[in-house]
RNA sequence: UCCCAUUUAGUCUAGGUGGUUCAGGAUACCCCGCUUUCACCGGGGAGACACGGGUUCGAGUCCCGUAGUGGGAACCA
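Following this line, the structure appears as structure tokens:
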């Protein structure tokens, strides 16, 4: 049987970075086995529905290089792919469970359930729930007569359908990552399967859909491990073969706990895939980083593109413990991909667009190409080209604080001396080589080290204490502009 | 509080079937080198098997406890 996996996000907001990793693992698993990767939208909670979310999910996956084989925008025979559009199926199956005594109608109001919880808490039950014991004293089709139930249904009373969890039983199943896990049904509640608004809960919907969509492997976050026994109970009740289960370790925040939106923000970690998309991150770097957050190929290799990851990925190499999101490691990957996998040619259009967006006229393609070449190896994310390359297009408006500390008392004198040499050079001969000779002459004449002259010149030209190779940079900027900036600096800094 | 999972350096991790290539790699950090600066690059350094029992001639590796961490305990997914 061919492998079919699904990524089943809830459209309640932008695609979370943890969701992206879950999608990635599913995708890698699918591709490794030449199977199918399905996107299913779990929009059963109408109160939390966000209309742009689905589009964001699809675009984000696409940006990351995760190709969806089937989904709401790519239908096939297993559709529809939005749970809201599969409503009737859930009703039918819920009905079936009732008929087979695996589920029942419950008419209790939220107030009544709350009351029950309060009552049990007072009598010493720390975590009261609607279960095999308490259901006997509630309003449901197990305690009411058949006539009463029929009457209530007919007069349109609100109801839910609950799973009838067996009283004393042990649910055991094999998780591909964790091995055998077992749960006592005494710890489970009679999970609501069909809500009073007619929508299924996640639990019913995911079981019905995974089965009818012929999903072979359920690969999802560890937060679902606790409800997995309910799902196994459902498969059993339906008489269906459950798919293979694999619960992934969670991505943790550096300060501990699941990497939530709020936590991530306070720790400076972008949490929505969207932020990476529009933040000029390299998708391959993010993917490589995410793949290694909870998985590794078993050798000492660190860099893998998507196809290599597809080839190497297996569930038995996924680790069990939560993995802390390390932003610096991500940046290392990003830098690596910028340096090794992006050529100057491929960077040019993007850089030009960025320069233009920040008001710099980067129209000269040859000039821009030189700028990008000079900057390429010292940039770790492509948007850094702008602040680093700005001085190629305009004189610094002010001087960086750190840079100013390197402007010494003798700097002005040395820069002036250098200016004297540069003036001698003809405009058309103002080349990196010529400039270097001029500097050497200056250094000789003044009996100082290279740096004593270079640093002040750099500051004068760029306003900063670091940056690309200075001689070619000066050639690009041109004689007139260089001299003007140096004179300005001498005048302003003394 | 209950249930489940999990636990190798700051972080991500390698360590099928227990025995002087078992404590390795990467990142981060520190130092040195290269260099006009910053980075890149090259070299080096410090840093870990949660704790306690057991099984065994021998355990990071198996078993049991304890602790820490995380998840769950909804008509949310």
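In the working numbering, the protein residues as written are -7 to 486.
Glycine included, each C-beta is placed from N, C-alpha and C at the ideal position.
Contact set for residue i: own chain, Cβ-Cβ below 6 Å, skip 5 residues either direction
i: residue 34; result: 0, 2 and 75
i: residue 504; result: This structure leaves residue 504 out entirely; the chain is present only between -7 and 486.
i: residue 94; result: 156 and 229
i: residue 55; result: 269 and 275
i: residue 191; result: 36
i: residue 466; result: 427 and 474
i: residue 471; result: 419 and 422
i: residue 49; result: 1 and 7
Contacts around residue i, its chain only, beta-carbon distance under 7 Å, and the 5 residues preceding and following it disregarded
i: residue 5; result: 42 and 45
i: residue 214; result: 239, 240, 241 and 242
i: residue 392; result: 455, 456 and 457
i: residue 187; result: 152 and 193
Residue i, DSSP secondary structure in three states
i: residue 389; result: coil
i: residue 79; result: helix
i: residue 0; result: coil
i: residue 179; result: helix
i: residue 57; result: coil
i: residue 351; result: coil
i: residue 186; result: strand
i: residue 171; result: strand
i: residue 232; result: coil
i: residue 250; result: strand
i: residue 157; result: coil
i: residue 334; result: coil
i: residue 399; result: coil
i: residue 42; result: coil
i: residue 117; result: coil
i: residue 445; result: helix
i: residue 295; result: coil
i: residue 310; result: strand
i: residue 280; result: helix
i: residue 19; result: helix
i: residue 342; result: helix
i: residue 490; result: Any answer about residue 490 is impossible in this case: the structure gives the chain only from -7 up to 486.
i: residue 205; result: coil
i: residue 223; result: helix
i: residue 125; result: coil
i: residue 415; result: helix
i: residue -7; result: coil
Opposing strand residues paired with residue i [DSSP bridges]
i: residue 62; result: 30
i: residue 275; result: Residue 275 pairs with nothing; no bridge assigned.
i: residue 213; result: 240
i: residue 86; result: Residue 86 is not bridged to any residue.
i: residue 8; result: 264
i: residue 96; result: 154
i: residue 165; result: 173
i: residue 192; result: 186
i: residue 315; result: 243
i: residue 74; result: 33
i: residue 132; result: 98
i: residue 287; result: 310
Nearest-angstrom beta carbon gap, residue j and residue i [assumed within contact, 8 Å]
i: residue 77; j: residue 68; result: No, residue 77 and residue 68 are not in contact; Cβ-Cβ is about 14 Å, not under 8 Å.
i: residue 27; j: residue -4; result: 6 Å
i: residue 277; j: residue 326; result: 4 Å
i: residue 403; j: residue 448; result: 4 Å
i: residue 385; j: residue 349; result: Wrong, their Cβ atoms sit about 13 Å apart, outside the cutoff.
i: residue 9; j: residue 265; result: 6 Å
i: residue 347; j: residue 374; result: That pair is no contact at about 11 Å.
i: residue 369; j: residue 331; result: 6 Å
i: residue 175; j: residue 163; result: 5 Å
Close Cβ partners of residue i (< 8 Å) along its chain, the five nearest in sequence each way excluded
i: residue 134; result: 96, 127, 128 and 156
i: residue 92; result: 229
Notebook entry, point to check: Should the stretch 349 to 362 be regarded as contacting the stretch 420 to 439, the criterion being three or more beta carbon pairs within less than 8 Å?
Noted result: Contact between the stretch 349 to 362 and the stretch 420 to 439 is absent: fewer than 3 CB-CB pairs across the two stretches fall below 8 Å.
Check: Does the count of Cβ pairs from the stretch 99 to 112 and the stretch 221 to 228 closer than 8 Å reach three?
Finding: Verdict: no, contact absent.
Note to self: Quick check: the stretch 203 to 221 against the stretch 140 to 151, are at least 3 beta-carbon pairs closer than 8 Å?
What the structure shows: In this structure the stretch 140 to 151 does not touch the stretch 203 to 221; the number of beta carbon pairs closer than 8 Å is below three.
Next item on the list: Flag this pair as touching only if the stretch 16 to 33 and the stretch 243 to 251 have three or more C-beta atom pairs under 8 Å; answer yes or no.
Entry: Touching, no.
Note to self: Any contact between the stretch 155 to 174 and the stretch 86 to 100? By contact I mean 3 or more CB pairs, one from each, below 8 Å.
What the structure shows: They touch, by the three-pair rule.
Next item on the list: Indicate whether the contact test is met: 3 or more Cβ pairs, each with one atom in the stretch 252 to 259 and one in the stretch 193 to 206, closer than 8 Å.
Entry: With the cut-off at 8 Å, the stretch 252 to 259 and the stretch 193 to 206 do not touch.
Note to self: I want to know whether the stretch 10 to 21 touches the stretch 291 to 309 - three or more CB-CB distances under 8 Å.
What the structure shows: With the cut-off at 8 Å, the stretch 10 to 21 and the stretch 291 to 309 touch.
Check: Per the contact definition of three or more C-beta pairs closer than 8 Å, is the stretch 303 to 311 in contact with the stretch 334 to 348?
Finding: No: fewer than three Cβ pairs fall under 8 Å.
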